[in-house]
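Report on the following structure.
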């Protein structure tokens, strides 16, 4: 299952990209011993905002392009939301308040990456953060 497509509305999504034991250089522990191999879950968190101004038709053969001030205001707005989510995740990780199951031993939060709609036609932009959790099941 791939990530949700949210090109025409605002959305916050978190979906599971992959799950399982990472490739090991040694044989995994046997379940007969009661020890389970490490399991890694990779998550994809996306914030979509359908606010970006796009050029529109203003009549036959006329294209209306939004003024630069409008782009700057929207960029500040969307950037503020992306950095707020990134700061909240990082703070929760540092203060151990992410609220994860007790078997999760390690959390890795990736960089904040910009995303946009497939063709750039809808005006949806946002941010993507990759998160990996690791633990014993």
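Numbering (my numbering), first residue to last: 16 to 152.
Backbone N, C-alpha and C define an ideal beta-carbon position, used for all residues, glycine too.
Could you give the C-beta distance for residue i and residue j, rounded to a whole number, given that I count them as a contact under 8 Å?
i	j	result
residue 125	residue 146	7 Å
Looking at residue i: is its Cβ nearer than 7 Å to the Cβ of residue j?
i	j	result
residue 65	residue 25	yes
residue 32	residue 149	no
residue 73	residue 79	yes
residue 138	residue 86	no
residue 128	residue 61	no
residue 115	residue 107	no
How should residue i be labelled, buried or exposed, when 16 other C-beta atoms within 10 angstroms of its C-beta is the threshold for buried?
i	result
residue 63	buried
residue 97	buried
residue 109	exposed
residue 69	exposed
residue 77	exposed
residue 132	buried
For residue i, which beta-bridge partners are listed by DSSP?
i	result
residue 33	57
residue 149	55, 121
residue 141	63, 130
residue 73	Beta-bridge pairing links residue 73 to no other residue.
residue 78	72
residue 113	DSSP, once it has assigned bridges, lists no residue as partnering residue 113.
Measuring alpha carbon to alpha carbon, tell me which residue in the options is nearest residue i.
i	options	result
residue 117	151, 131, 99	151
residue 30	92, 102, 56	56
residue 94	130, 37, 28	130
residue 101	84, 123, 90	123
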